[in-house]
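Enquirer: For reference, the structure I am asking about is given below.
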């Protein structure tokens, strides 16, 4: 499994309760661009509409050798999930305060997959606490390294 892109902001802004693996419906040029690492999850989110689960605002850069520019780099892309998973995510996302966020994009068995996290938004004081814990861990590692 090769991780192509990760959404570091997702773990900071959301308390991820559980994760689900989903496939992505992409064009051939988009697949090549993703495998080259030209994908960004900044500002991306997932939703379940009447036509099924989709991922929005995921930016996949145009693959230059593919020729002329076709389509929008941030177009809405379909997610490939089983019906039970779609129903489960739909039910959970309608709960108070839960949202579906893409956590990472990776390649497994030559297929492009996205890891979706079911998360609850953190409050500002939770984010401050996360920063304090991270700084404390860094300081402890620095002290241990010095000996």
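In this note's numbering, the protein residues as written are -15 to 131.
C-beta: ideal position from N, C-alpha, C; glycine also.
Computed from a predicted structure; not experimentally measured.
(1) Where residue 131 and residue 121 are concerned, what is the direct C-alpha to C-alpha distance, given to the nearest angstrom?
(2) Rank 48, 78, -8, 2 by C-alpha distance to the C-alpha of residue 24 and give the top, closest one.
(3) Which whole-angstrom value is the C-beta distance of residue 18 and residue 96, which I expect to be below 8 Å?
(4) Could you round the C-beta distance between residue 77 and residue -11 to whole angstroms and report it? I think they count as a contact, below 8 Å.
(5) Measuring only the C-alpha atoms, how far is residue 92 from residue -14?
(6) Cα separation between residue 118 and residue 61?
Expert: The structure says:
(1) Our two residues, residue 131 and residue 121, have alpha carbons roughly 16 Å apart in a direct line.
(2) Checked all of 48, 78, -8, 2; the closest Cα to residue 24 is -8.
(3) The C-beta distance from residue 18 to residue 96 rounds to 5 Å, short enough to fall under 8 Å.
(4) Residue 77 to residue -11, Cβ: 22 Å. No contact.
(5) Whole-angstrom Cα-Cα distance: 7 Å.
(6) Between the C-alpha atoms of residue 118 and residue 61 there is a straight-line separation of about 34 Å.
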